[in-house]
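Okay, so here's the structure we're looking at.
Number of protein chains: 2
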Amino acid sequence: MEKRKGNCIFAQSGGPTAVINAGIAGGVLTALSREEIGKVYCAEHGVRGVLDERFFDMGEEDEAELLALRNTPASAMGSVRYKLKPYEEDETDYKRILEVFRKYDVRYFFYNGGNDSMDTCMKISSYMKKTGYPVSVIGIPKTIDNDLVGTDHCPGFGSAAKYIATSVAEISLDARIYQSPLVVIVEIMGRNAGWLTASASLASVNGNGPDLVYLPEVPFTAEKFLSDVAQVMQRKEGKCVVAVSEGIRYPDGRYVGEDKSGTDVFGHSALGGVCGKLKATVVEKLGVKCKAIELNILQRCAAHCASETDVEETFEAGRQAVERAIGGETDVMIGYARKTSTPYEISFISTPLPEAANAEKKIPSEWIGADGTSLRKEFFDYALPLIQGDPDVRKSDGLPLYARLKKVLAKPVV
Amino acid sequence: MEKRKGNCIFAQSGGPTAVINAGIAGGVLTALSREEIGKVYCAEHGVRGVLDERFFDMGEEDEAELLALRNTPASAMGSVRYKLKPYEEDETDYKRILEVFRKYDVRYFFYNGGNDSMDTCMKISSYMKKTGYPVSVIGIPKTIDNDLVGTDHCPGFGSAAKYIATSVAEISLDARIYQSPLVVIVEIMGRNAGWLTASASLASVNGNGPDLVYLPEVPFTAEKFLSDVAQVMQRKEGKCVVAVSEGIRYPDGRYVGEDKSGTDVFGHSALGGVCGKLKATVVEKLGVKCKAIELNILQRCAAHCASETDVEETFEAGRQAVERAIGGETDVMIGYARKTSTPYEISFISTPLPEAANAEKKIPSEWIGADGTSLRKEFFDYALPLIQGDPDVRKSDGLPLYARLKKVLAKPVV
Numbered sequence: 022m023e024k025r026k027g028n029c030i031f032a033q034s035g036g037p038t039a040v041i042n043a044g045i046a047g048g049v050l051t052a053l054s055r056e057e058i059g060k061v062y063c064a065e066h067g068v069r070g071v072l073d074e075r076f077f078d079m080g081e082e083d084e085a086e087l088l089a090l091r092n093t094p095a096s097a098m099g100s101v102r103y104k105l106k107p108y109e110e111d112e113t114d115y116k117r118i119l120e121v122f123r124k125y126d127v128r129y130f131f132y133n134g135g136n137d138s139m140d141t142c143m144k145i146s147s148y149m150k151k152t153g154y155p156v157s158v159i160g161i162p163k164t165i166d167n168d169l170v171g172t173d174h175c176p177g178f179g180s181a182a183k184y185i186a187t188s189v190a191e192i193s194l195d196a197r198i199y200q201s202p203l204v205v206i207v208e209i210m211g212r213n214a215g216w217l218t219a220s221a222s223l224a225s226v227n228g229n230g231p232d233l234v235y236l237p238e239v240p241f242t243a244e245k246f247l248s249d250v251a252q253v254m255q256r257k258e259g260k261c262v263v264a265v266s267e268g269i270r271y272p273d274g275r276y277v278g279e280d281k282s283g284t285d286v287f288g289h290s291a292l293g294g295v296c297g298k299l300k301a302t303v304v305e306k307l308g309v310k311c312k313a314i315e316l317n318i319l320q321r322c323a324a325h326c327a328s329e330t331d332v333e334e335t336f337e338a339g340r341q342a343v344e345r346a347i348g349g350e351t352d353v354m355i356g357y358a359r360k361t362s363t364p365y366e367i368s369f370i371s372t373p374l375p376e377a378a379n380a381e382k383k384i385p386s387e388w389i390g391a392d393g394t395s396l397r398k399e400f401f402d403y404a405l406p407l408i409q410g411d412p413d414v415r416k417s418d419g420l421p422l423y424a425r426l427k428k429v430l431a432k433p434v435v
Numbered sequence: 022m023e024k025r026k027g028n029c030i031f032a033q034s035g036g037p038t039a040v041i042n043a044g045i046a047g048g049v050l051t052a053l054s055r056e057e058i059g060k061v062y063c064a065e066h067g068v069r070g071v072l073d074e075r076f077f078d079m080g081e082e083d084e085a086e087l088l089a090l091r092n093t094p095a096s097a098m099g100s101v102r103y104k105l106k107p108y109e110e111d112e113t114d115y116k117r118i119l120e121v122f123r124k125y126d127v128r129y130f131f132y133n134g135g136n137d138s139m140d141t142c143m144k145i146s147s148y149m150k151k152t153g154y155p156v157s158v159i160g161i162p163k164t165i166d167n168d169l170v171g172t173d174h175c176p177g178f179g180s181a182a183k184y185i186a187t188s189v190a191e192i193s194l195d196a197r198i199y200q201s202p203l204v205v206i207v208e209i210m211g212r213n214a215g216w217l218t219a220s221a222s223l224a225s226v227n228g229n230g231p232d233l234v235y236l237p238e239v240p241f242t243a244e245k246f247l248s249d250v251a252q253v254m255q256r257k258e259g260k261c262v263v264a265v266s267e268g269i270r271y272p273d274g275r276y277v278g279e280d281k282s283g284t285d286v287f288g289h290s291a292l293g294g295v296c297g298k299l300k301a302t303v304v305e306k307l308g309v310k311c312k313a314i315e316l317n318i319l320q321r322c323a324a325h326c327a328s329e330t331d332v333e334e335t336f337e338a339g340r341q342a343v344e345r346a347i348g349g350e351t352d353v354m355i356g357y358a359r360k361t362s363t364p365y366e367i368s369f370i371s372t373p374l375p376e377a378a379n380a381e382k383k384i385p386s387e388w389i390g391a392d393g394t395s396l397r398k399e400f401f402d403y404a405l406p407l408i409q410g411d412p413d414v415r416k417s418d419g420l421p422l423y424a425r426l427k428k429v430l431a432k433p434v435v
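If you read the protein sequences in the order shown, they are chains H and Y. Using the numbering used here, read the first sequence as starting at 22 and increasing by one per residue. Using the numbering used here, read the second sequence as starting at 22 and increasing by one per residue.
Right, dumping it as C-alpha cells:
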C-alpha cells in the first residue's frame, strides 16, 4: 500500500443517529489539517451527491461549527437510500463515479453508514481496483441498530440506548401512578437485532426497567405474551411495562408488525404498528387499559440525551478513518475492539469491508434470560459502559443550537 | 384568620408532570421544618388515600431522597382521578374525610393537581367550613396543559414545553435528510388549550421549528390543512413538519381525533389518534410519504429534559403553600404573577380557589398569527423564560437515579 495525495469525499447514507455527524466532524477536521489531503468535500445525499457532483467545500466552514457537528443529530450532509447494482449487471453508476473521482482528483472516499453502506463501499472499491484507479475507500460505521459485524459496537448505538433506557425509566414511573390496572407497551426500533430493545432493560439498574422485553431473537407467540403480561400484573399491583422490538416474529418467521405496504429498496419488509397490534390483543384478551407508545424516530435523533462516550468514540472513528486512509489503508471499516469492560477500554481497528457488509450481528442467545423476556448480566456488562457521560450541547434560549454550516457548493470541475 | 397547629396532608391528583414532585419536595421539607406542623403525611393516590387512611409518614424519609424528588417524574405518592360529588347530592365521602381529618388531627390539607383538583379542594374546604372544622386547604397547581386561570403559568408546563421544543427540533432535522418528499406530523397533548402545541414553535428560535402549528384555539378544516402542507412542501424542498394538538376541532366543535371509547370520569372526551388521521389524509390526498409521531406521555414525564426554572418555581410553590397555610390562609391556590419578562421575574400569589377551579385558560387570539398556524412574538416572550436552565439530575450508571422513598405507612389512629 502506498501513500496517496489528493482530494477526499465524505458522504452519509442510510438512517441517521444522534451522533452521526460526530464522525464527519472528526474526519473533516482531521482531513483539513493534513497536508496529504487537498480539498475536503462532503457529498450531498450520499453517493447521490457523487453522481450529481453536489459537493460542499468543507474548507469554507468555521471550525466552531464543524465542532458543533459533534452534537448535531440527523445526517448534516443529507442522506440517501440508494443501492448500487452489481457492476457486472449495470456499469452506468460506476463509470460515472469513476469519472467524477477523476475530475475532482478524489483519492480518499469515506462513506458513513450501516451494513448496506459498507456494501456500497465494497462495490465502489472493487470497481476502482478493476479499472486501476487508486483510491482509499473507508467505511465509517453508524447505526443505532448495533448490528454491524466486525466491531464491538456501533457509533450511534450508545446514544440511542441511553435515550431508550432513560425514556423507559420515565414511562415506567408514569405507568404506576394510578391504582387501576395498566399495561404500557413501548415499541422500539431494530429490524432483526434486539440491541435497542434490550437497552430498555438497562433502566432496571436503578429500579425502573420494563417488566418484559420482547426481542427479534426470540420467536414470539401471542399466547406466551398474554400469559407473561397477566403474571406480571398479578405480581406488580396490576401494572406491566413491556418493551417490544418492531421486529418480533412469529415462530414461522412472519413479522408480527408486517404490513402490506411492501418492501424498501434494500428488500427489507416495511414494519410498523407492532405496539398497536399488541395493545389490541391486551385490551381484547385481558380486558385492561393499555397504552401503546412508539419511540419512533426520536430514538435515532435525540442528541439532547446522547452518550458522551458515544460522541467521543464516533468523533475518533472519523479521525481514525482519515489517518488510516493516509497511511495507505483501503477496503476497511473502522471498528471498535473492546479490551476490557471494567474499566471500559477500547481500541480502534480496521475491519475488512467484506466482513462488515450485508451481515447482521444479533444478541448472543446466552445473553438472553431463560424466560426469553429478560437480559442477563453479560448484556449489562456490555451495554452500560456505552451510555456513560452527558455531552455538553451548545444551547441558546434554552434549546440546542446545532451546527450552522455554510454548505458552500464546490465549483464544478470542467 | 387565626394560626392553627396540627398535622398536615399532601396529596397528588390527576395526570403527572416531570416536576410535580418538586412541589411535594418543597412543601414537605418546609412542613417538616416548621413547629406549627406536627406530623407530615402524604396520602397515597390523592383523596382516595384520605378516604382509605393510607398515609406515608414523611418524617421517616431521608432528606437527600426528599430533595431527589425535585427531579423525579410522575406522582411519587400515587395519583387518582376521582371526582367528589357535590355534598348536597352525596355527603358520604365528605363525612369520611371529616372523620379522618379529626382522627389524624389534620389542620392543613395541600392538594397538588390541575383544575379538577382545585374543584376538589374547594368542595372539601366548603364542607369543612359548613361543619365548623378548622382546616387550611391550599392548592398546589400542576399541569403540563398550562390552562389554569389565576396564575401566569403552571408548574410542569415549562418542562413539557422544553421537552416538546427540543424533540421537535430534533425531529425537524431528521425530517430533512432525504431528497424525497416527506411530511412529519407530531401530535402533542392539550385538550382545549394549545399551550403545549404552541411550544413546539419555540424550536424556531434556533431555526428548527415546525412549519405549521395547529392549535385547539383555531377551528380546523382538512381543506386548509392540506393546502397549508402543500404550500410548505413547495417552498421547502418537499418537506413539511407539522405540530398538531390532540384537541383540534372542526368548525362545528367536534374533535378531529374523537373516538368512540367514551368519556373519562370528568366528562372529557377521550382523545387520540389525531396524527394517524391526518397522516391518512396526507397520504391519500397529497400522495406523499408521511410519518405520524405521538409524543405521548413522554411529554409529561421527561424529567431528563426538564426546565430548571420550572423545577425551582415548583419547589418554591410547595414551600409557599405551607408558609401561607401556617400564616392562616385557606381556599387559595398558589399562583405565579409575572413582574417582567426581560429580565424574567415572578412573584408568588394566592389565587382564590373559585377563580382557578373548573376554568380553562387558552392562548389569547392576538398571540396567534393571522395564518392560524404560527405564534406571534408575544407567545415567545411569554414562554421562552419558562424553559431556561438544565436541572442537575442525580445519576447512577449513566441513568437517572430517582428518589427512593421508604414510604412508611403511618400507623392507623384508633
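Note that CB positions come from ideal geometry on N, CA and C, so glycine has one too.
Item, Value
"Supposed contact pair residue 314 of chain H and residue 208 of chain H - C-beta distance, whole angstroms, cut 8 Å", "7 Å"
"For residue 487 of chain Y, the three-state DSSP class (helix, strand or coil)", "Lying before the first or after the last residue shown, residue 487 of chain Y is absent from chain Y, which here runs from 22 to 435."
"Residue 133 of chain H (DSSP reduced to helix, strand or coil)", "strand"
"Cα-Cα separation between residue 272 of chain H and residue 235 of chain H, rounded to whole angstroms", "13 Å"
"Sequence-distant residues of its chain with Cβ nearer than 6 Å to residue 117 of chain H (five each side left out)", "72"
"Within-8 Å CB hit, residue 365 of chain H to chain Y", "no"
"Residue from Y:247, Y:329, Y:41 and Y:255 whose Cα sits closest to the Cα of residue 413 of chain Y", "Y:329"
"Residue span of the alpha helix (DSSP H) that contains residue 4 of chain H, given as start and end", "Given a span of 22 to 435 for chain H in the structure shown, any question on residue 4 of chain H remains unanswerable."
"Backbone secondary structure at residue 317 of chain H - three-state DSSP", "coil"
"Chain H contact for residue 409 of chain Y (CB, 8 Å cutoff)", "yes"
"Residues bridged to residue 357 of chain H (per DSSP)", "H:369"
"As assigned by DSSP and simplified to three states, the class of residue 375 of chain Y", "helix"
"Residues that DSSP places opposite residue 312 of chain Y in a beta bridge", "Y:205"
"Helix, strand or coil at residue 281 of chain Y according to DSSP, with G and I counted as helix", "Any reading at residue 281 of chain Y needs caution, since the residue's pLDDT is 46, under 50, leaving its predicted position unreliable; the model's value is listed next. Reduced to three states, the DSSP call for residue 281 of chain Y is coil."
"Extent of the continuous beta strand (DSSP E) to which residue 32 of chain Y belongs", "27-33"
"Within 8 Å of chain H by C-beta, residues of the segment 52-78 of chain Y in sequence order", "66 and 69"
"With 16 other Cβ atoms within 10 Å as the buried cut-off, status of residue 136 of chain Y", "buried"
"Opposing strand residues paired with residue 159 of chain H [DSSP bridges]", "H:131 and H:353"
"Secondary structure of residue 108 of chain Y, DSSP reduced to three states", "coil"
"Whether residue 166 of chain Y touches residue 27 of chain Y by CB criterion (8 Å)", "no"
"Test: residue 325 of chain H CB closer than 8 Å to a CB of chain Y", "yes"
"Secondary structure of residue 64 of chain Y, DSSP reduced to three states", "strand"
"Short CB-CB distance (under 8 Å) between residue 199 of chain Y and chain H", "yes"
"Neighbourhood of residue 106 of chain Y by C-beta distance below 8 Å, restricted to the same chain and skipping five residues each side", "114"
"For residue 416 of chain H and residue 195 of chain H, the rounded distance between their alpha carbons", "28 Å"
"Cβ distance (whole Å) where residue 267 of chain Y is taken to contact residue 210 of chain Y below 8 Å", "6 Å"
"Partners in chain H for residue 187 of chain Y, counting only beta-carbon separations shorter than 8 Å", "325, 420 and 421"
"Short-range partners of chain H found in the segment 310-342 of chain Y, where Cβ spacing is below 8 Å", "312, 314, 315, 317, 318, 319, 321, 322, 323, 324, 325, 326 and 328"
"Buried versus exposed, by CB contacts within 10 Å (16 or more), residue 183 of chain Y", "buried"
"Assumed close pair residue 253 of chain Y, residue 233 of chain Y - CB separation to whole angstroms, cut-off 8 Å", "6 Å"
"Positions along the segment 293-306 of chain H whose CB lies within less than 7 Å of some CB in chain Y", "none"
"Contacting positions in the segment 99-112 of chain Y - beta carbon closer than 9 Å to chain H", "99, 100, 101 and 102"
"Per-residue burial, residue 229 of chain H [other beta carbons within 10 Å of its own, 16 or more giving buried]", "buried"
"Assigned secondary structure, residue 40 of chain H (DSSP; H/G/I helix, E/B strand, else coil)", "coil"
"Chain-ordered chain H contacts of residue 183 of chain Y [CB-CB under 8 Å]", "419 and 420"
"8 Å Cβ cutoff, residue 92 of chain H in contact with chain Y", "no"
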